[in-house]
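There are 2 protein chains.
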Amino acid sequence: MKDGPNISGIAALIGDRARSEILTALLGGQALTATELAGVADVTKQTASVHLARLADAQLVSMEKQGRHRYFRLADEDVAQLLESLLGVAYRTGALRLRSSPRDPDLRKARVCYDHLAGDLGVLAFDAFRKRRWIAHDETGLTLSRTGAEFCREMGIDVDSARKGRRPMCRVCLDWSARRHHLAGQVGVQLLERCYQLGWAKRRRGSRIVDFTPRGEREFRQLFGRS
Amino acid sequence: MKDGPNISGIAALIGDRARSEILTALLGGQALTATELAGVADVTKQTASVHLARLADAQLVSMEKQGRHRYFRLADEDVAQLLESLLGVAYRTGALRLRSSPRDPDLRKARVCYDHLAGDLGVLAFDAFRKRRWIAHDETGLTLSRTGAEFCREMGIDVDSARKGRRPMCRVCLDWSARRHHLAGQVGVQLLERCYQLGWAKRRRGSRIVDFTPRGEREFRQLFGRS
DNA sequence: CCGATGGTTCGTCGTGGAACGAACTATCAT
DNA sequence: ATGATAGTTCGTTCCACGACGAACCATCGG
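So the sequence lines, in the order shown, correspond to chains A and B. Under my numbering, residues 1 to 227 are what the first sequence spells out, in order. Under my numbering, residues 1 to 227 are what the second sequence spells out, in order.
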């Protein structure tokens, strides 16, 4: 017993209402300032400042100074996955918010998961990638197959420059609402980016929800839907 | 903002030293009694009892009465994955125990992850499964390929009865020490089971460590090692 | 029936830590 | 320079919650 790393510290850090609001907000992927985060957590600036210092100290978030602003974001994708994992368990065990938001259905349909697409539509796309063998295994994990790369190019994704990054091309991410996997990694990021560029979808202000236009959703479903 | 389930409750539950010890102990996969868990958490029976009640209430653990004993285990694999996820982040951010155990290397080499094999050897096996195309995708997720099923039969795993269960055959699980995936799901469980049966390995008492015999490790590496 | 052991409930105590007001530093605009 | 805004530090208050002792119920072995 008493083997391995000590998880209670990290969990306790997340286990505070204000800090969990902050982290959940940062799951949206954008960097936010200390004051903005104080707003979402509904605490004063001083309090938020202390919380953020502790989160940064534990390397759950990273901070970037920009003039008199301090921008915070999640430290990396592992932290995002941990939070999604927590969301999943919380969702299943019924630990919903007291006044569960009417936006919940929209959230389950399509939302940002750190920097890629999650929700029903994200799962739909991932299933298509899998079924059509657009993702393959290599020695280091998942990657794009040749036909997958072809598809991405047709979508207008710059595959070659994406390959250059240190980040893996494909990665799976467990979807808390659908309890299925969706696509993360470079390809996941770029795919969402293209949806924005094509005018298919837009981030809803101050939320993780991704609103698809009727036309955008039709095209998306046609692209990835079961044939 | 304020979208989705509320994670702070669950996280706070895990974020207590005693409760995190309890949960980590249950990651070993075996059901343990309340008194045993009080022992590993180093608290009195009363205290453990309240903790366990709260964990059960939140559906993180499940309880089974057996005579005057109460056996506790993790509620399901999702909870186990959440804990592994936490272990991973805690490990990377250096939140190691104050007196880090000398058994750590053994733990990283081979350990039980809920009910399947993790650690370097677990990753080694998974890589082999992947490289030799013993796992394939189907519409619901990962599954055994035909050659994979063949291999399993040679290993002495009863593939057909394993398929009958509700549980998926193959599932990936992120390994916190190796930061790679290893094999979970029915096949993962059965594989570990066979290692025990073949006398290749044994659980170390009161720990998650799996001790391979020299011969067992040699055979295992020969089976899955890079050729 | 008995004692012994496993587990829970209750009441009390003590402490860690979250919150805020106030005062402070740093950067911007003019 | 001045004020305005972003963020931090300090001191104080306050309460939630974890811990234990004691007393209780439940089940075993005889």
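Backbone N, C-alpha and C fix where the C-beta goes; we use that ideal spot for every residue, glycine too.
Just the Cα atoms here: how many angstroms apart are residue i and residue j?
{"i": "residue 32 of chain B", "j": "residue 73 of chain B", "result": "7 angstroms"}
{"i": "residue 188 of chain A", "j": "residue 173 of chain A", "result": "10 angstroms"}
{"i": "residue 152 of chain A", "j": "residue 121 of chain A", "result": "17 angstroms"}
{"i": "residue 20 of chain B", "j": "residue 17 of chain A", "result": "19 angstroms"}
{"i": "residue 28 of chain A", "j": "residue 166 of chain A", "result": "22 angstroms"}
{"i": "residue 159 of chain A", "j": "residue 191 of chain A", "result": "11 angstroms"}
{"i": "residue 80 of chain B", "j": "residue 87 of chain A", "result": "14 angstroms"}
{"i": "residue 149 of chain A", "j": "residue 126 of chain A", "result": "14 angstroms"}
{"i": "residue 131 of chain A", "j": "residue 137 of chain B", "result": "7 angstroms"}
{"i": "residue 106 of chain A", "j": "residue 212 of chain A", "result": "10 angstroms"}
{"i": "residue 39 of chain A", "j": "residue 24 of chain A", "result": "13 angstroms"}
{"i": "residue 164 of chain B", "j": "residue 215 of chain A", "result": "42 angstroms"}
{"i": "residue 113 of chain B", "j": "residue 135 of chain A", "result": "27 angstroms"}
{"i": "residue 49 of chain B", "j": "residue 56 of chain A", "result": "35 angstroms"}
{"i": "residue 70 of chain B", "j": "residue 171 of chain B", "result": "30 angstroms"}
{"i": "residue 64 of chain B", "j": "residue 47 of chain B", "result": "19 angstroms"}
{"i": "residue 66 of chain B", "j": "residue 185 of chain B", "result": "27 angstroms"}
{"i": "residue 98 of chain B", "j": "residue 51 of chain B", "result": "Annotation note: pLDDT 44 at residue 98 of chain B (below 50); position unreliable, no value reported."}
{"i": "residue 77 of chain B", "j": "residue 54 of chain B", "result": "19 angstroms"}
{"i": "residue 208 of chain A", "j": "residue 147 of chain B", "result": "43 angstroms"}
{"i": "residue 183 of chain B", "j": "residue 210 of chain B", "result": "16 angstroms"}
{"i": "residue 110 of chain A", "j": "residue 155 of chain B", "result": "43 angstroms"}
{"i": "residue 143 of chain B", "j": "residue 133 of chain B", "result": "11 angstroms"}
{"i": "residue 94 of chain A", "j": "residue 84 of chain A", "result": "15 angstroms"}
Let's see if you can read the secondary structure: which residues bound the beta strand (DSSP E) around residue i?
{"i": "residue 170 of chain B", "result": "Here residue 170 of chain B belongs to no beta strand (DSSP E), and DSSP marks it neither H nor E."}
{"i": "residue 184 of chain A", "result": "181-184"}
{"i": "residue 143 of chain A", "result": "141-144"}
{"i": "residue 71 of chain A", "result": "69-74"}
{"i": "residue 178 of chain B", "result": "Here residue 178 of chain B belongs to no beta strand (DSSP E), and DSSP marks it neither H nor E."}
{"i": "residue 203 of chain A", "result": "201-203"}
Along chain A, which residues have their Cβ under 9 angstroms away from the Cβ of residue i?
{"i": "residue 137 of chain B", "result": "130, 131, 133 and 135"}
{"i": "residue 82 of chain B", "result": "82, 85, 86, 88 and 89"}
Let's see if you can read the secondary structure: which residues bound the alpha helix (DSSP H) around residue i?
{"i": "residue 216 of chain A", "result": "214-224"}
{"i": "residue 12 of chain A", "result": "8-14"}
Starting from residue i, find everything on chain B with Cβ-Cβ shorter than 9 angstroms and list it in chain order.
{"i": "residue 15 of chain A", "result": "7, 8, 9, 10, 11, 12, 13, 14, 15 and 16"}
Chain B partners of residue i, CB-CB under 8 angstroms?
{"i": "residue 234 of chain A", "result": "Any question about residue 234 of chain A goes unanswered here, given that chain A covers just 1 to 227."}
{"i": "residue 79 of chain A", "result": "89"}
The ligand ATP and residue i: does the residue's C-beta get closer than 7 angstroms to at least one heavy atom of that ligand?
{"i": "residue 46 of chain A", "result": "Within the structure as shown, the ligand ATP is missing, as the structure has no ligands at all."}
Starting from residue i, find everything on chain A with Cβ-Cβ shorter than 7 angstroms and list it in chain order.
{"i": "residue 312 of chain B", "result": "In the structure as shown, chain B starts at 1 and stops at 227, and residue 312 of chain B therefore has no counterpart that could be examined."}
Give me the chain A residues within the contact set of residue i, using Cβ-Cβ distance strictly less than 8 angstroms, ordered along the chain.
{"i": "residue 33 of chain B", "result": "What residue 33 of chain B touches in chain A: nothing, since even the nearest Cβ is about 14 angstroms away."}
Could you tell me whether the stretch 212-221 of chain A touches the stretch 193-203 of chain A, where touching means 3 or more Cβ pairs closer than 8 angstroms?
Cβ pair count under 8 angstroms is three or more, so yes.
Any chance the stretch 174-184 of chain B sits against the stretch 112-131 of chain B, with 3 or more Cβ pairs inside 8 angstroms?
yes
### Stretch pair the stretch 5-13 of chain B + the stretch 56-68 of chain B: three plus CB contacts closer than 8 angstroms
Contact holds: three or more Cβ-Cβ distances are below 8 angstroms.
- Enumerated in chain order, which unbroken segments of the alpha helix (DSSP H) with a length of 4 residues or greater are wholly contained in the stretch 109-154 of chain A? 120-131
| request: Give, in chain order, every unbroken run of the beta strand (DSSP E) that is at least 3 residues long and sits entirely within the stretch 22-82 of chain A. | output: 61-66 and 69-74
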